[in-house]
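Chemist: Going from the sequence shown to the working numbering is simple: count from 1 and add 9. We put the CB at the ideal spot given by N, CA and C, even for glycine. Okay, handing you the structure first.
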Amino acid sequence: MSQPASTSRQAIAPSSVIDDINGKLHSFSLDEDDFARFPAIARTITRWGPRILDKFYERVRADKVRSAFFASSQAMDHARAKQLEHWIDLFSGRVDATYLARAERIGQVHARIGLSPNFYIGAYASILAELVEREMTSSLAGALGRAKARKLGSLIKMALLDMELATSAYLKAQEHSREVTLSSLSQALETVSQGDLTTQLEELPKEFEQIQTDFSAMCDCISQAMGAVAASSEQIRVGASEIRAASDDLSQRTESQAAALEESAAALDQLTSGVQSSAQGASEVNRSVKEAESEAREGGQVVEEAVEAMDGIQKSAQEIGSFVNVIDSIAFQTNLLALNAGVEAARAGDAGKGFAVVANEVRALAQRSAEAAQNIKNLISGSEQQVQRGVSLVGRTGEVFRRIVEKVSGITGLAAQISELSQNQAGQLSQVNSAIGNMDRMTQQNAAMVEETTAAARNLATQAEDLARLVKMFKIDGAVGMPPAPAAPAPRAQVSSRPVSVSALPDPGRTPPRSVGALALKSDADAAPDGDWSEF
């Protein structure tokens with residue numbers, strides 16, 4: 010079949026739409042001869058359509074049921090104009106995708122406002138009958154033409170009435186199948202919403218068998234998922250309990266460790282202070298030892314000078330001894346001379362008496378000089394012995410001072426090493442003290458984190474128990490089974506991975522909406538705006 014007037018529009022339409030249009034034309038036996046008559050029919054509609062529609066809408070205004078579909082007289086006038094425009098365009102020869110879309114929008118509007126097919130088909134029957142009657146009475150003479158026109162009108166009315174009855178019966182049967190399916194689905198969903206995943210849909214009409222299959226697959230999939238969730242929740246609960254116990258134990262040990270570390274830090278801080286004090290004392294000892302070494306060296310120098318002075322005194326004593334020997338020799342010789350003088354005076358007799366007196370005096374002086382020289386010699390000898398002893402003692406003292414200086418020098422080196430080691434130990438202990446302080450702070454932070462972890466583990470255990478309680482609310486088919494471990498399940502074919510929320514299940518107390526015929530598309534008749542009549 011072909012439609013010359015619609016060829017250009019069909020060329021740009023999808024192939025599926027073109028096939029749909031051709032199928033409908035074939036079903037209604039519309040061919041090129043019919044399209045050739047469309048212009049004449051369009052002229053007839055243009056001539057008689059306004060009057061017929063005026064008469065029709067007068068009857069609509071008088072009918073409370075049908076007039077309720079219009080919000081106002083303006084809406085009714087708008088619908089009348091659009092209906093006339095639609096009829097004229099219908100017979101313009103453009104039975105294409107645009108026409109099908111417009112006709113579908115009209116049906117959707119009727120469904121949305123609640124206009125049932127019997128009203129729509131009845132209106133068409135009434136208008137077509139009057140249109141045929143006017144066309145035939147205008148071309149045939151007298152009552153014969155009017156009788157034939159009325160006969161054709163009755164035929165059209167009855168044909169459309171029969172079509173409406175069959176259509177209503179068909180839609181009613183479909184509606185019954187939908188109601189049975191919805192009722193069974195609603196009951197099954199109510200059972201599922203109560204946690205019973207073993208429910209099965211009752212035997213559904215053949216056209217809804219796929220819903221039954223999909224529902225069973227859904228329940229099986231949810232049962233498997235809930236079985237896995239139950240096993241996982243149990244393992245999570247056990248693991249969370251173990252984590253909670255381990256966290257509690259770790260928290261206690263961390264607190265003990267933190268307390269011990271804090272005590273160690275305090276003790277090490279005191280030890281560091283003591284070592285620093287010892288280092289300062291060692292430094293002071295080092296200074297004192299150095300000063301003692303310096304003074305010992307000065308003492309040694311003084312002893313050496315004393316030894317030299319004692320040597321000088323010994324030499325002077327030796328020289329004095331030589332002088333005393335000379336005096337002693339002079340006294341001896343003087344005594345000899347006095348003795349000789351006395352002998353010569355005795356020979357001289359009385360002439361030598363005076364000289365004998367002088368000789369006696371000289372001998373007496375020589376005797377005293379000899380005694381004095383002997384005393385001095387004895388004193389010098391004693392002094393020389395004392396000086397020799399003093400020199401020996403001073404020498405020994407110098408030797409002792411040298412050994413003292415050597416020992417003090419060794420002590421000075423040791424004191425310097427001790428001072429240096431004490432300074433190094435003090436620095437190292439300061440670093441260790443700082444490290445212990447950092448460890449103490451880190452341990453305190455770890456203790457805080459362990460407390461948070463413990464709280465999180467307790468919360469996790471509580472949530473796992475809640476999850477287990479929620480899972481127990483579902484009744485799962487025993488044939489499905491529960492996996493022993495929460496291993497990742499294998500991908501299931503043709504199963505959506507979108508999560509299913511229990512709250513998204515239908516309300517068990519909610520009555521499923523019932524729709525009759527084209528009213529299945531209706532949401533709210535009162536909510537339809539006046540603009541819906543723009544495509545009557």
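#1: Taking contact to mean 3 or more Cβ pairs, one atom from each stretch, closer than 8 Å, check whether the region 466 to 486 and the region 246 to 256 are in contact.
#2: Pairing CB atoms from the region 322 to 338 with CB atoms from the region 406 to 420, are three or more of them under 8 Å?
#3: Could you spell out the range, first to last residue, of the alpha helix (DSSP H) harbouring F341?
#4: Does the distance from the CB of F100 to the CB of F47 come in under 8 Å?
#5: Got a sec? Which residues, its chain only, sit under 6 Å from R143 by beta carbon, not counting five neighbours each side?
#6: Nearest to A106 by alpha carbon, out of A379, L34 and I97?
#7: Are the beta-carbon atoms of R246 and E474 separated by less than 8 Å?
#8: Using a 10 Å radius around the Cβ and a threshold of 16 neighbouring Cβ atoms, would you call V298 buried or exposed?
#9: Determine the direct distance from the alpha carbon of F483 to that of P214, and round the result to whole angstroms.
#10: Given this structure, state the Cα-to-Cα distance separating D229 from L210, to the nearest angstrom.
#11: Starting from the N-terminal side, write out each stretch of the alpha helix (DSSP H) that is 4 residues or longer and does not extend beyond the region 29 to 77.
#12: Could you give the DSSP three-state label for D449: helix, strand or coil?
#13: Using only alpha-carbon positions, find the residue among V201, V312 and Y133 that is nearest to V400.
#14: Can you grab the Cα-Cα spacing for the pair A80 / H87, in whole Å?
#15: Ordered along the chain, which non-local residues of its own chain (more than five positions away) have a Cβ less than 8 Å from that of L93?
#16: Where does D205 sit, in a helix, a strand or coil, going by DSSP?
#17: To the nearest angstrom, how far is it from the Cα of V367 to the Cα of A379?
#18: Who are the near neighbours of N295 in its chain, counting only those whose CB is closer than 8 Å to its CB and skipping five residues on each side?
#19: Under a Cβ-count criterion, where at least 16 other Cβ atoms within 10 Å of its own Cβ denotes burial, should Q310 be classed as buried or exposed?
#20: For a quick check, are the C-beta atoms of D337 and A373 less than 8 Å apart?
#21: Are three or more beta carbon pairs between the region 301 to 308 and the region 348 to 360 nearer than 8 Å?
#22: Comparing C-alpha positions only, which one of Y129, D28, L140 and R89 sits nearest to V104?
#23: If you draw a straight line from the C-alpha of T208 to the C-alpha of M227, how long is it?
#24: Go ahead and label L352 buried or exposed: buried means 16 or more other beta carbons lie within 10 angstroms of its beta carbon, across all protein chains shown.
#25: So who's on the other strand from Q484, going by DSSP bridges?
#26: May I have the straight-line CA-CA distance separating L402 from A354, to the nearest angstrom?
#27: Roughly how many angstroms lie between the CA atoms of R507 and Q233, to the nearest whole one?
#28: Going by DSSP in three states, E211 sits in which element: helix, strand or coil?
#29: When you compare only the Cα positions, how much space is there between N369 and I339?
#30: With G116 as the anchor, note down where its alpha helix (DSSP H) starts and where it stops.
#31: I'd like to know whether the C-beta atoms of D449 and L270 end up nearer to each other than 8 Å.
#32: Could you pull out every residue in the same chain whose Cβ sits closer than 6 Å to the Cβ of E139, ignoring the five residues on either side in sequence?
#33: What first and last residue would you give for the alpha helix (DSSP H) that runs through A90?
#34: By how many angstroms is the C-alpha of D98 removed from the C-alpha of A51?
#35: Label S552 either buried or exposed according to how many other C-beta atoms from any shown protein chain fall within 10 Å of its C-beta, with 16 as the threshold for buried.
Modeler: According to the structure data:
#1: yes
#2: no
#3: E218 to A357
#4: yes
#5: W57
#6: L34
#7: yes
#8: buried
#9: 29 Å
#10: 13 Å
#11: 41 to 71 and 73 to 76
#12: helix
#13: V312
#14: 11 Å
#15: I54, G58, P59 and L62
#16: strand
#17: 18 Å
#18: T421, A424, A425, I427 and S428
#19: exposed
#20: no
#21: no
#22: D28
#23: 11 Å
#24: It is Val, not Leu, that sits at residue 352 in the sequence shown. Flag for V352 reads exposed.
#25: Per the sequence shown, residue 484 should be read as Lys rather than Gln. K484 pairs with D205.
#26: 57 Å
#27: Confidence is the limiting factor: at R507 the pLDDT is only 37, short of 50, which leaves the residue's position unreliable, though a coordinate-based value still follows. If you take the alpha carbons of R507 and Q233, they lie about 15 Å apart.
#28: coil
#29: 16 Å
#30: A106 to I122
#31: yes
#32: I61
#33: S82 to L99
#34: 8 Å
#35: In the structure as shown, the chain begins at 10 and stops at 545. Residue 552 is therefore absent and cannot be evaluated.
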